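Chains as they are written, first to last, in the UniProt record's numbering: chain E, 1 to 226; chain L, 1 to 226. These notes concern the structure reproduced below.
Number of protein chains: 2
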Amino acid sequence: MGTSSPAGAPPAHGERTRELILRTALRLFAERGYERTTMRAIADAAGVSVSNAYYYFRSKDQLLQEFYAEIQRRHREESAEALGRTGLGDRLRGVLHAGVTVMSPYHDFAGSFLGVAINPRSPSSPFSVESAAAREAAIALFRDVVEGSKPAVDRQVRADLPELLWLAHLGVTLYWVHDMSYEQDRTRRLIDLATPFVGRLIRLSRLPGMCPITTDLLWLVRKVRS
Amino acid sequence: MGTSSPAGAPPAHGERTRELILRTALRLFAERGYERTTMRAIADAAGVSVSNAYYYFRSKDQLLQEFYAEIQRRHREESAEALGRTGLGDRLRGVLHAGVTVMSPYHDFAGSFLGVAINPRSPSSPFSVESAAAREAAIALFRDVVEGSKPAVDRQVRADLPELLWLAHLGVTLYWVHDMSYEQDRTRRLIDLATPFVGRLIRLSRLPGMCPITTDLLWLVRKVRS
DNA sequence: CTCCGCATTTGAACTAGTTCAAATCACGCT
DNA sequence: AGCGTGATTTGAACTAGTTCAAATGCGGAG
Chain E
1 MGTSSPAGAP
11 PAHGERTREL
21 ILRTALRLFA
31 ERGYERTTMR
41 AIADAAGVSV
51 SNAYYYFRSK
61 DQLLQEFYAE
71 IQRRHREESA
81 EALGRTGLGD
91 RLRGVLHAGV
101 TVMSPYHDFA
111 GSFLGVAINP
121 RSPSSPFSVE
131 SAAAREAAIA
141 LFRDVVEGSK
151 PAVDRQVRAD
161 LPELLWLAHL
171 GVTLYWVHDM
181 SYEQDRTRRL
191 IDLATPFVGR
201 LIRLSRLPGM
211 CPITTDLLWL
221 VRKVRS
Chain L
1 MGTSSPAGAP
11 PAHGERTREL
21 ILRTALRLFA
31 ERGYERTTMR
41 AIADAAGVSV
51 SNAYYYFRSK
61 DQLLQEFYAE
71 IQRRHREESA
81 EALGRTGLGD
91 RLRGVLHAGV
101 TVMSPYHDFA
111 GSFLGVAINP
121 RSPSSPFSVE
131 SAAAREAAIA
141 LFRDVVEGSK
151 PAVDRQVRAD
161 LPELLWLAHL
171 GVTLYWVHDM
181 SYEQDRTRRL
191 IDLATPFVGR
201 LIRLSRLPGM
211 CPITTDLLWL
221 VRKVRS
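Right under this line is the structure:
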């Protein structure tokens with residue numbers, strides 16, 4: 001590695017090239033998808049040699065990780081409006097919709113992105129060490145969803161909920177990738193139906209007198225993660 | 001294509017070769033995983049040329065589909081004992097454990113298998129037209145789980161439940177792939193915890209007087225699939 | 001100015017999935 | 001036996017991700 005200039009240092013010479021290659025790659029990914037964008041095409045379009053691209057990026061996979069980071073940034077931006085709401089369900093609904101909105105230009109080839117990311121051995125896996133930073137950022141977004149909601153969430157639940165919601169977001173993404181309905185309306189509908197339910201479940205989770213099924217459900221979720 | 005001999009016809013000449021290549025491929029997949037098994041290695045080990053392998057199998061991906069079919073067959077075999085039980089929860093639990101047992105030799109490289117299968121555009125996707133047969137067989141297994149359970153399942157639910165359980169099985173598989181615990185104990189535990197819950201939920205689903213949360217949950221599941 | 005060391009850049013080569021046109025083979029027909 | 005036809009089989013080549021040893025360029029020490 002040894003290329004990332006320490007923050008604050010005078011911009012190293014090659015950083016320009018790095019930026020150029022990255023921008024080009026992201027543009028081509030968006031235009032043609034991941035699989036159909038070759039490293040040679042990226043290098044050509046950026047006006048450098050293939051090996052030069054490999055000097056700055058360990059692999060095509062790492063370029064993909066940068067793509068995820070970019071999506072993540074835009075997801076947060078797009079979530080601003082939703083984070084102005086009050087109820088947990090509403091906030092969550094808005095943030096999930098924002099996620100779908102941000103990803104929608106990539107639906108056609110999201111499958112090939114996902115195919116790489118789903119492999120636990122891939123650095124692009126959302127659970128890998130390499131994506132720790134991106135994962136933290138994503139979870140932080142859902143922490144905002146939880147912390148800012150007005151009927152405050154029960155203390156016990158508050159600690160784990162952000163990560164759970166992030167997992168739910170991954171689940172929605174998985175559903176979305178396979179959703180071939182017009183403009184992914186089914187995913188939109190899933191979000192609209194499920195988030196009020198989640199909101200209610202969380203709101204009631206601390207009250208006594210829940211039916212045993214609900215109690216079991218919450219207990220199950222807790223158990224599975226230990 | 002034009003190679004699959006119509007059932008009952010005298011065995012075509014090349015069928016032998018096809019069998020040989022397939023058997024070799026499955027063995028190598030089991031030994032080294034999907035990615036690390038090259039088409040050249042398969043051809044070498046089978047004593048034929050690479051292009052000959054491509055004469056019988058459209059792609060490496062198709063070999064993967066055959067692998068899935070094999071796993072599917074073994075899953076059914078391994079499920080025999082569980083299908084002798086009575087309660088839905090117990091039956092489901094046994095069948096899911098059977099699935100894990102059958103897959104366990106492949107855990108190390110399951111990620112690379114999954115990475116291909118998760119892509120909706122891949123013929124290996126469990127939702128693709130190409131795997132329709134394998135999918136039907138898998139769903140049929142869960143149909144057996146449902147139909148044979150002793151407090152019979154509510155008519156309304158019975159129609160959709162097999163497919164839902166199959167989806168749940170996919171979910172468990174996804175969890176299993178990412179489960180790095182010793183011998184995938186966490187997945188085992190997940191199954192043990194979740195299946196009694198599912199059993200109870202189904203048993204109660206037709207009774208009146210459920211709490212609203214449970215009602216909503218069932219309604220949600222139904223809605224999401226339409 | 002010149003030279004050294006290091007960052008940057010490159011062309012060529014390697015691996016692996018896939019394709020293709022050209023053999024080769026098996027077999028029924030004359 | 002000789003031959004035509006379609007099923008098999010093959011070597012060579014193409015594409016794309018990746019690696020590597022060899023340039024090239026640049027900035028500071030002498």
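Heads up, the beta-carbon is just placed ideally off N, CA and C, and yes, glycines get one too. All values reported here derive from a predicted model rather than from experimental measurement.
Could you spell out the range, first to last residue, of the alpha helix (DSSP H) harbouring residue i?
{"i": "G148 (chain L)", "result": "Unbroken run through G148 (chain L): none, as it is neither H nor E."}
{"i": "H13 (chain E)", "result": "No alpha helix (DSSP H) contains H13 (chain E), which DSSP labels as neither H nor E."}
{"i": "N52 (chain E)", "result": "50 to 56"}
{"i": "G94 (chain L)", "result": "88 to 103"}
{"i": "A46 (chain E)", "result": "39 to 46"}
{"i": "D154 (chain L)", "result": "From DSSP, D154 (chain L) is part of no alpha helix (DSSP H); its letter is neither H nor E."}
{"i": "Q72 (chain L)", "result": "60 to 78"}
{"i": "P212 (chain E)", "result": "212 to 224"}
{"i": "I191 (chain L)", "result": "185 to 204"}
{"i": "Y175 (chain E)", "result": "161 to 178"}
{"i": "G115 (chain E)", "result": "107 to 117"}
Do you know offhand how far residue i's Cα is from residue j's?
{"i": "I191 (chain L)", "j": "L22 (chain E)", "result": "43 Å"}
{"i": "R16 (chain E)", "j": "G47 (chain E)", "result": "13 Å"}
{"i": "V116 (chain E)", "j": "D61 (chain E)", "result": "8 Å"}
{"i": "G99 (chain E)", "j": "H75 (chain E)", "result": "5 Å"}
{"i": "N52 (chain L)", "j": "L26 (chain L)", "result": "17 Å"}
{"i": "T86 (chain E)", "j": "R158 (chain E)", "result": "16 Å"}
{"i": "V198 (chain E)", "j": "S205 (chain L)", "result": "20 Å"}
{"i": "L92 (chain L)", "j": "A133 (chain L)", "result": "22 Å"}
{"i": "G89 (chain L)", "j": "Y34 (chain E)", "result": "42 Å"}
{"i": "P212 (chain L)", "j": "D185 (chain L)", "result": "34 Å"}
{"i": "V129 (chain E)", "j": "P196 (chain E)", "result": "33 Å"}
{"i": "S122 (chain L)", "j": "Y68 (chain L)", "result": "14 Å"}
{"i": "Q72 (chain E)", "j": "G94 (chain E)", "result": "15 Å"}
{"i": "E19 (chain L)", "j": "R189 (chain E)", "result": "47 Å"}
{"i": "H77 (chain L)", "j": "G171 (chain L)", "result": "The identity of residue 77 (chain L) in the sequence shown is Glu, whereas the question assumes His. The alpha-carbon atoms of E77 (chain L) and G171 (chain L) are separated by roughly 21 Å."}
{"i": "P215 (chain L)", "j": "Y54 (chain E)", "result": "Inspection of the sequence shows that residue 215 (chain L) is occupied by Thr rather than by Pro. Going by the C-alpha atoms only, they are around 55 Å apart."}
{"i": "G14 (chain E)", "j": "Y106 (chain E)", "result": "30 Å"}
{"i": "L207 (chain L)", "j": "L83 (chain L)", "result": "26 Å"}
{"i": "F127 (chain L)", "j": "S181 (chain E)", "result": "14 Å"}
{"i": "S59 (chain E)", "j": "L220 (chain L)", "result": "42 Å"}
Between residue i and the rest of its own chain, which residues show a CB-CB distance below 7 Å, the 5 nearest in sequence each way excluded?
{"i": "L114 (chain E)", "result": "V177"}
{"i": "W166 (chain E)", "result": "A138, I139, F142"}
{"i": "A45 (chain L)", "result": "T24, L28"}
{"i": "V50 (chain E)", "result": "M39, R40, A43"}
{"i": "V153 (chain L)", "result": "L88, V146, L161, I202"}
{"i": "R32 (chain L)", "result": "none"}
Between the Cα of residue i and the Cα atoms of the options, which residue gives the shortest distance?
{"i": "V145 (chain L)", "options": "L:L96, L:R73, L:E35", "result": "L:L96"}
{"i": "Y175 (chain E)", "options": "E:A194, E:V157, E:R158, E:A159", "result": "E:A194"}
{"i": "L64 (chain E)", "options": "E:V102, E:S124, E:E81", "result": "E:S124"}
{"i": "D108 (chain L)", "options": "L:V221, L:E183, L:R40, L:A98", "result": "L:E183"}
{"i": "R135 (chain E)", "options": "E:A110, E:E78, E:G33, E:E70", "result": "E:E70"}
{"i": "T101 (chain L)", "options": "L:R158, L:I202, L:S79", "result": "L:S79"}
{"i": "A30 (chain E)", "options": "E:S59, E:R18, E:Y55, E:E66", "result": "E:E66"}
{"i": "A168 (chain E)", "options": "E:G148, E:A152, E:T187", "result": "E:T187"}
{"i": "R155 (chain L)", "options": "L:I202, L:I118, L:S131", "result": "L:I202"}
{"i": "T173 (chain L)", "options": "L:A110, L:P196, L:T37, L:R32", "result": "L:A110"}
{"i": "E81 (chain L)", "options": "L:L170, L:G148, L:I213, L:P212", "result": "L:G148"}
{"i": "V179 (chain L)", "options": "L:Q72, L:V50, L:M103", "result": "One point to set straight first is that residue 179 (chain L) is Asp, not Val, in the sequence displayed. Out of L:Q72, L:V50, L:M103, L:M103 has the C-alpha closest to the C-alpha of D179 (chain L)."}
{"i": "P151 (chain L)", "options": "L:S112, L:G171, L:R200", "result": "L:R200"}
{"i": "R36 (chain L)", "options": "L:W219, L:S112, L:T215", "result": "L:S112"}
{"i": "L164 (chain L)", "options": "L:S131, L:L218, L:S181", "result": "L:L218"}
By Cβ distance, which residues of its chain are closer than 8 Å to residue i, with the 5 residues on each side in sequence left out?
{"i": "D160 (chain L)", "result": "R222, R225"}
{"i": "P162 (chain L)", "result": "I139, A140, F142, R143, V145, V146"}
{"i": "N119 (chain E)", "result": "S125"}
{"i": "S131 (chain L)", "result": "Q65, Y68, P123, S124, S125"}
Enumerate in chain order the residues of its own chain whose CB-to-CB distance from residue i is below 6 Å, with the five nearest sequence positions on each side excluded.
{"i": "F57 (chain L)", "result": "L63"}
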